[in-house]
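Before any comments, here is the structure.
Right under this line is the structure:
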């Protein structure tokens, strides 16, 4: 029979080992890395709302995830690396777009396959990308456009009221 002290040491050791295995598992990205796949890269002007772990979707189905984001000083751009499932083949002219799930939703990467016969390989870069649409900027543009139209209407009304009205009798009054 084990003494209380020996049993506590065994239970403590078991907990430490399980904790260490969990840390190793989570630091490697969990199941996603175990499944394999290949890396693709894309350069964007802006990756607002995208983070490591963001889903990569093809025809509405998750086929990968963002694994790395980095600042590119040359041109002040952002580099994005994604892991794509190994059974997914993408033509070299495919497009990687940053899409919003809705007004308040998160972002994801949407892949649109191209028509070329050659496929992207591990480590390749997308030639065609579309940056994230920032809703705040879009709303600001809509509001400013509406304000500009309203100001034009006001100016037109002021001009119409400021012009002297012509008499229906015209030259008879002269």
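Numbering (this note's numbering), first residue to last: -13 to 160. No residue lacks a Cβ here, since even glycine has one placed at the ideal position from N, Cα and C.
{"Check": "Does DSSP put residue 72 in a helix, a strand or coil?", "Outcome": "coil"}
{"Check": "Identify which residue in 29, 68, 119 and 135 has its Cα closest to the Cα of residue 61.", "Outcome": "29"}
{"Check": "Taking C-beta to C-beta, are residue 71 and residue 22 nearer than 9 Å?", "Outcome": "yes"}
{"Check": "Roughly how many whole angstroms lie between the Cα atoms of residue 16 and residue 10?", "Outcome": "Note on residue 16: pLDDT 48, under 50, position unreliable in the model; no value is reported."}
{"Check": "List, from N- to C-terminal side, the beta strand (DSSP E) runs of 3 residues or more that fit wholly inside the stretch 98 to 140.", "Outcome": "114 to 116"}
{"Check": "Note down, in chain order, each residue of its chain lying with its Cβ closer than 8 Å to the Cβ of residue 1, except the 5 sequence neighbours on either side.", "Outcome": "none"}
{"Check": "Check whether the Cβ atoms of residue 26 and residue 37 sit closer than 9 Å, and answer yes or no.", "Outcome": "no"}
{"Check": "Answer yes if the stretch 76 to 84 comes into contact with the stretch 129 to 149, meaning at least three C-beta pairs across the two stretches below 8 Å, and no otherwise.", "Outcome": "no"}
{"Check": "CB residue 76 to CB residue 95, shorter than 9 Å?", "Outcome": "no"}
{"Check": "In the DSSP assignment, find the unbroken beta strand (DSSP E) run with residue 50 in it and report its ends.", "Outcome": "47 to 58"}
{"Check": "Would you identify the three-state DSSP class for residue 42, choosing helix, strand or coil?", "Outcome": "strand"}
{"Check": "Would you kindly check if the distance between the Cβ of residue 53 and the Cβ of residue 63 is under 9 Å?", "Outcome": "no"}
{"Check": "So residue 108 and residue 24 are in contact, right, with Cβ under 8 Å, and what is the actual spacing, rounded?", "Outcome": "4 Å"}
{"Check": "Could you tell me if residue -12 is buried or exposed, where buried requires 16 or more neighbouring beta carbons within 10 angstroms of its beta carbon?", "Outcome": "exposed"}
{"Check": "Which first and last residues belong to the beta strand (DSSP E) in which residue 25 is found?", "Outcome": "24 to 30"}
{"Check": "Can you give me the C-alpha to C-alpha distance between residue -9 and residue 8, rounded to a whole angstrom?", "Outcome": "26 Å"}
{"Check": "Would you mind working out which of 88, 47 and 59 sits nearest residue 74, comparing C-alpha positions?", "Outcome": "47"}
{"Check": "With 16 other CB atoms within 10 Å as the buried threshold, where does residue 93 fall?", "Outcome": "buried"}
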